[in-house]
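Trainee:
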Amino acid sequence: MSFDWFLEYDVIHDKSDIDKCVNGNDKFGEIINIYSRVKLLATCLNKNNNIRNYAKNGDNIRDPKGHKFIIHRGKYNNLINDEITKLKNLNLYRPYFIENIYKLPRFSFFLQFTFTLSKPYISRDDEEFYIIDNPVRKDKVFKVPMVSGSSWKGNMRWVAMKLFADSLPETLTQEEIKDFLYCRAQMVRLFGYEKDSIENYLDTILAEAFCTEDEKQNVELFKEKRKYISENFQKLLKDKGYIDPKVEGRRGRLNFHPTFFNQIGLEVINPHDRKTKAGTLPIYIECVPENATGTFSILYVPFDLIGKPDKLRKDVIEDLDIVYNSLKDMMLTYGFSAKKSSGFGIIFDSFSEGLFDMSGIPLTEKNYNDFDGLEKIIANAVSLVNKDD
453 MSFDWFLEYD VIHDKSDIDK CVNGNDKFGE IINIYSRVKL LATCLNKNNN IRNYAKNGDN
513 IRDPKGHKFI IHRGKYNNLI NDEITKLKNL NLYRPYFIEN IYKLPRFSFF LQFTFTLSKP
573 YISRDDEEFY IIDNPVRKDK VFKVPMVSGS SWKGNMRWVA MKLFADSLPE TLTQEEIKDF
633 LYCRAQMVRL FGYEKDSIEN YLDTILAEAF CTEDEKQNVE LFKEKRKYIS ENFQKLLKDK
693 GYIDPKVEGR RGRLNFHPTF FNQIGLEVIN PHDRKTKAGT LPIYIECVPE NATGTFSILY
753 VPFDLIGKPD KLRKDVIEDL DIVYNSLKDM MLTYGFSAKK SSGFGIIFDS FSEGLFDMSG
813 IPLTEKNYND FDGLEKIIAN AVSLVNKDD
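Numbering of the sequence shown is given in my numbering, commencing with residue 453 and proceeding in unit increments.
This is how it looks when you write it as structure tokens:
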């Protein structure tokens, strides 16, 4: 017996071996987990093109084999269903803060809903040894398609930045710059400190709006305006207490939790020859197909406002507005998938198990079925926050 997985099962040499691996026949019957058999198909990558392509999708588009057979015949979906059951039994499938929200700092809130994809979701896994070049991201242990918390955060921050950039007028006065710098600081307190690429982008678009046409053409003057924006923004962050010179970076008030999907599928890209206009070789991309479901969850904790009741109410109301608008536009308009500019990663505006609760606020209605319903609950929460003593 070999202690190397791929050496132990290095028995895939022709198409019949691929079929045995996919169906779990002969020696492959020892391998119950379908993901493990998918991994073994990757040993065909060093074979000739005929064997390699057969392991990916077969010889005939109407008669799928190899990896395509596993996906199209629902074998991998069976694995997903089993693993989701395990995730639920371990209380890992989704968080359940809703029952203990009162233990968190005042005006913390928890938002969760189960959504259905209206367009496929595409991402890129960091699995290097895989039969196709474009596997969808999966959980490291359970191998279920997922969106990580960091991916949710990145996508929602991008939408918040997009809304911020779209709200900029063509020109800004000195007083207007202060207002937009404060709006920018709101994103820092929600999502955390800006990376260099984000900082450079926002400094540049604000400087462009703050410059006259002549100043934009003058490199040195534009650099001065950009430096003015950057310095004043850093000063604002320090004055507001959003950053501490003694501490590197800043954690945002929003906490994003991973989403696990209940299905996996394939998308096909067929590049065309520029001369003949005919398709060459189809490229298969793993995806989460439309009508798959997942649960989105975020937790908001104003940890930096503990002991500051004078700032708490104002900040929470402002943050609720940004969270709602960014979340709605991310889910329904811009998407949260790779290739989102092509329409991938959009959901239906219809939820199940929609929940919203806030610490210290007696909300009578906490459930909703769409974004309009969520907006009404948030409006009610805002009115109760304003009345709170």
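Cβ atoms here follow ideal geometry from the backbone N, Cα and C, with glycine treated the same way.
#1: According to DSSP, residue 602 sits in a beta bridge with which residue or residues?
#2: Among 816, 789, 785 and 755, which residue has its Cα nearest to the Cα of residue 558?
#3: Would the stretch 534 to 542 and the stretch 490 to 498 be scored as touching if the rule is three or more Cβ pairs under 8 Å?
#4: Strictly by DSSP, which residues pair up with residue 819?
#5: With three or more C-beta pairs closer than 8 Å as the rule, is the stretch 641 to 649 touching the stretch 702 to 721?
#6: Starting from residue 622, follow its DSSP beta bridges and name the residues at the other end.
#7: Need the endpoints of the beta strand (DSSP E) that residue 594 sits in, please.
#8: Would you list the residues sitting across from residue 506 in a DSSP beta bridge?
#9: Can you give me the start and stop residues for the beta strand (DSSP E) that residue 674 sits inside?
#10: Starting from the N-terminal side, write out each stretch of the beta strand (DSSP E) that is 3 residues or longer and does not extend beyond the stretch 475 to 530.
#11: Counting C-beta neighbours from all protein chains within 10 Å, is the total for residue 514 16 or more, i.e. buried, or is it exposed?
#12: Taking all protein chains shown into account, do 16 or more other C-beta atoms lie within 10 angstroms of the C-beta of residue 548, making it buried, or fewer, making it exposed?
#13: List the endpoints of the continuous beta strand (DSSP E) containing residue 451.
#14: For chain B, find out if any of its Cβ atoms is closer than 8 Å to the Cβ of residue 593; answer yes or no.
#15: Spatial neighbours of residue 826 within its chain, please: CB distance less than 6 Å, with the 5 preceding and 5 following residues excluded, ordered by chain position.
#16: Residue 736 bridges to which residues according to DSSP?
#17: Any idea what DSSP makes of residue 714, helix, strand or coil?
#18: From the DSSP secondary-structure annotation, give me the bridge partner or partners of residue 707.
#19: Residues in its own chain within less than 7 Å of residue 458 by CB, not counting five upstream and five downstream?
#20: Determine the burial state of residue 484: buried for a count of at least 16 other Cβ atoms within 10 Å of its Cβ, exposed for fewer.
#21: Please classify residue 671 as buried or exposed, where buried requires at least 16 other C-beta atoms within 10 Å of its C-beta.
#22: Verify whether the separation of the beta carbon atoms of residue 567 and residue 785 is less than 8 Å.
#23: Rounded to the nearest angstrom, what separates residue 640 and residue 830 at their Cα positions?
#24: Please report the straight-line C-alpha distance between residue 748 and residue 691, rounded to a whole angstrom.
#25: Between the beta-carbon of residue 789 and the beta-carbon of residue 573, is there less than 8 Å?
#26: Mind checking which residues open and close the alpha helix (DSSP H) that includes residue 662?
#27: Less than 8 Å separating the beta-carbons of residue 440 and residue 674?
#28: Helix, strand or coil: how does DSSP classify residue 563 here?
#29: Near residue 620, which residues of its chain fall below 8 Å by C-beta distance, leaving aside the five closest residues on each side in sequence?
#30: For residue 560 versus residue 802, is the C-beta distance shorter than 8 Å?
#31: Could you tell me which of 701, 713, 653 and 637 sits nearest to residue 591, measuring between CA atoms?
Mentor: To lay it out plainly:
#1: For the purposes of this step, residue 602 is identified with residue 150 of the sequence shown, where counting begins at 1. Answer is none; residue 602 lacks a bridge partner.
#2: Your numbering for residue 558 matches position 106 in the sequence shown. If we check each option's Cα against that of residue 558, 755 comes out closest.
#3: Result no; under three Cβ-Cβ pairs closer than 8 Å.
#4: As a working note, residue 819 is residue 367 in the sequence shown. 807, per the DSSP bridge assignment.
#5: The answer is yes - the stretch 641 to 649 touches the stretch 702 to 721, with three or more Cβ pairs under 8 Å.
#6: Residue mapping note: residue 622 aligns to position 170 of the sequence shown, counting from 1. Looking at the DSSP assignment, residue 622 forms no beta bridge with any residue, so it has no partner.
#7: Counted from its first residue, the sequence shown places residue 594 at position 142. Residue 594 -> no beta strand (DSSP E), and no H or E assigned at all.
#8: For this step, residue 506 is matched to residue 54 along the sequence shown. BP columns for residue 506 are empty, so no partner.
#9: Position 222 of the sequence shown holds residue 674. Here residue 674 belongs to no beta strand (DSSP E); instead the alpha helix (DSSP H) covers 671 to 692.
#10: Within the stretch 475 to 530, no complete beta strand (DSSP E) run reaches 3 residues.
#11: Here residue 514 refers to the residue found at position 62 of the sequence shown. That one is exposed.
#12: The residue you call residue 548 lines up with position 96 of the sequence shown. Exposed, since its Cβ has fewer than 16 Cβ neighbours within 10 Å.
#13: An answer regarding residue 451 cannot be provided, because it is not within the stretch 453 to 841 covered by the chain.
#14: Here there is only one protein chain, and chain B is not present.
#15: Looking up residue 826 in the sequence shown gives position 374. So the qualifying residues of the chain are 820.
#16: Here residue 736 corresponds to residue number 284 of the sequence shown, with the count starting at 1. Bridge partners of residue 736: 720.
#17: To locate residue 714, count along the sequence shown from 1; it is residue 262. Three-state result, residue 714: coil.
#18: By one-based count along the sequence shown, residue 707 stands at place 255. Beta-bridge pairing links residue 707 to 751.
#19: Counting from one through the sequence shown, the residue named residue 458 turns up at place 6. Hits under 7 Å: 495.
#20: Looking up residue 484 in the sequence shown gives position 32. Exposed, since its Cβ has fewer than 16 Cβ neighbours within 10 Å.
#21: The residue labelled residue 671 in the question sits at position 219 within the sequence shown. Classification for residue 671: exposed.
#22: Indexing the sequence shown from 1 puts residue 567 at position 115. Indexing the sequence shown from 1 puts residue 785 at position 333. Contact flag unset, no.
#23: Taking the sequence shown and counting its residues from 1, the one referred to as residue 640 is at position 188. Taking the sequence shown and counting its residues from 1, the one referred to as residue 830 is at position 378. Cα to Cα, the separation comes out at about 22 Å.
#24: Along the sequence shown, read from residue 1 onward, the residue named residue 748 stands at position 296. Along the sequence shown, read from residue 1 onward, the residue named residue 691 stands at position 239. Across the structure, residue 748 and residue 691 are spaced so that their CA atoms are roughly 34 Å apart.
#25: Stepping through the sequence shown from its first residue, residue 789 is reached at position 337. Stepping through the sequence shown from its first residue, residue 573 is reached at position 121. Yes, these two residues count as a Cβ contact at 8 Å.
#26: Mapped onto the sequence shown, residue 662 falls at position 210. Residues 648 to 662.
#27: Residue coverage of the chain in this structure runs from 453 to 841, which leaves residue 440 outside it and unanswerable.
#28: By 1-based counting over the sequence shown, the position of residue 563 is 111. Correct three-state label for residue 563: strand.
#29: Along the sequence shown, one-based indexing puts residue 620 at 168. Excluding sequence neighbours, residue 620 sits near 632, 657, 658 and 661.
#30: Reading the sequence shown from its first residue, position 108 is the one you call residue 560. Reading the sequence shown from its first residue, position 350 is the one you call residue 802. Remark: C-beta atoms of residue 560 and residue 802 do not approach each other more closely than 8 Å.
#31: As a working mapping, residue 591 is identified with position 139 in the sequence shown. When C-alpha distances from residue 591 are compared across 701, 713, 653 and 637, the shortest belongs to 713.
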